[in-house]
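Just below is one structure, and these are the notes that go with it.
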Amino acid sequence: MGTGIIIFTVLFVISMVYSKTRDQNIRKKKKEERLKFAKTKKERTNTNMMDEQEFWELIDFSLEKSNGFYQDQQKILIKSFKDFSPEQLIELDNRLMNYSEKLNSYEHLAAASILFGGYSTDLFIPLKQWVICQGRTKFYDILSNPDNLADLDYRKYDRYPLSISIGKTYESKTNEMLPVAKINFELRGEEVDEADFPEKFPKLWERA
């Protein structure tokens, strides 16, 4: 084996060992940062909510500017959040959770299951927040009749919840996790038999 090849092999091995050590150190540092950050987790004590009119003006403005595309809408909202104090972000999130809980019914869950082909809490929560971000009128239309979910444009839907964007903005301002709220997952009403779906949700059933 030539001297050049030996030198190349040694340098290659050293490079691999260095890269592996560096990657391990990076992963270790990130893990330590996550653990340190997790220790900032605390329960929410501020239960005040953003003013309803202010909330809907914020939603309607972002909806119009984004032409209804949820990803773009969230980017616009995040820019607005930068002017909020940490307490205002908590109150915004409280209002969002309040409206989200209004959609906690067996009928709304059944309607969502038609859209997604089955029941899933992981899909239901982002859907509720997206419905809220469609503005006051559509929110109350769907609140009163879950079948009106069929009227929304799902080409503009995205499963990334607005609450995560609020949380990340809070973290960037405080270096702490957004205080954890007590969320009510209890569903109102009675379960809807799948055999009744076509009659109960005619628009959604036709669209499915």
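Numbered according to my numbering, the sequence shown terminates at residue 222, and the numbering increases by one at each position without gaps.
From the three backbone atoms N, C-alpha and C, an ideal C-beta is built for every residue, glycine too.
As the structure is a computational prediction, the values presented were derived from the model and not from experiment.
Taking the alpha carbon of E115 as the reference point, which residue from F153, Y168, Q85 has its own alpha carbon closest? By 1-based counting over the sequence shown, the position of residue 115 is 101. For the residues F153, Y168, Q85, the minimum Cα distance to E115 belongs to F153.
Under 8 Å, do D107 and A195 count as touching if we go by C-beta distance? Position 93 of the sequence shown, counting from 1, holds the residue named residue 107. Position 181 of the sequence shown, counting from 1, holds the residue named residue 195. The answer is yes: Cβ separation under 8 Å.
Who are S119's beta bridge partners in DSSP? Translated into positions along the sequence shown, residue 119 becomes position 105. Here S119 is bridged, per DSSP, to R202.
Beta-carbon gap between A125 and L137 smaller than 8 Å: Translated into positions along the sequence shown, residue 125 becomes position 111. Translated into positions along the sequence shown, residue 137 becomes position 123. In this structure, L137 does not lie closer than 8 Å to A125 by Cβ.
Coarse secondary structure for E101, derived from DSSP in three states: Taking the first residue of the sequence shown as 1, we reach residue 101 at position 87. When DSSP states are grouped into helix, strand and coil, E101 belongs to the helix group.
When you compare each of R173, D161, L192 to P212 by their alpha carbons, which one comes out closest? Sequence index remark: in the sequence shown, residue 212 carries index 198 (1-based). Nearest Cα to P212 within the set R173, D161, L192: D161.
In chain order, what residues of the same chain lie with their CB nearer than 6 Å to the CB of I146, ignoring the 5 residues before and after it? On the sequence shown, position 132 is the one that residue 146 refers to. Around I146: Y113, F153.
Based on Cα-Cα distance, which residue from R58, L72, K93, E68 lies nearest to E183? Reading the sequence shown from its first residue, position 169 is the one you call residue 183. Per the sequence shown, residue 183 should be read as Thr rather than Glu. Nearest of R58, L72, K93, E68 to T183, Cα basis: K93.
Mind checking whether Y84 and D207 have CB atoms under 8 Å apart? On the sequence shown, position 70 is the one that residue 84 refers to. On the sequence shown, position 193 is the one that residue 207 refers to. Cβ distance not < 8 Å, so Y84 and D207 don't count as in contact.
Report the CB separation of G149 from I73 in whole angstroms; it is logged as a contact under 8 Å. On the sequence shown, residue 149 is found 135 positions in, with the first residue counted as 1. On the sequence shown, residue 73 is found 59 positions in, with the first residue counted as 1. Confirmed, Cβ separation roughly 6 Å.
Check for me: the alpha helix (DSSP H) holding Y184 runs from which residue to which? By 1-based counting over the sequence shown, the position of residue 184 is 170. Segment 176-188, the alpha helix (DSSP H) holding Y184.
Same chain only: Cβ atoms within 7 Å of I128, ignoring 5 sequence neighbours per side: Residue mapping note: residue 128 aligns to position 114 of the sequence shown, counting from 1. Cβ within range, chain order: F211, F215, L218, W219, A222.
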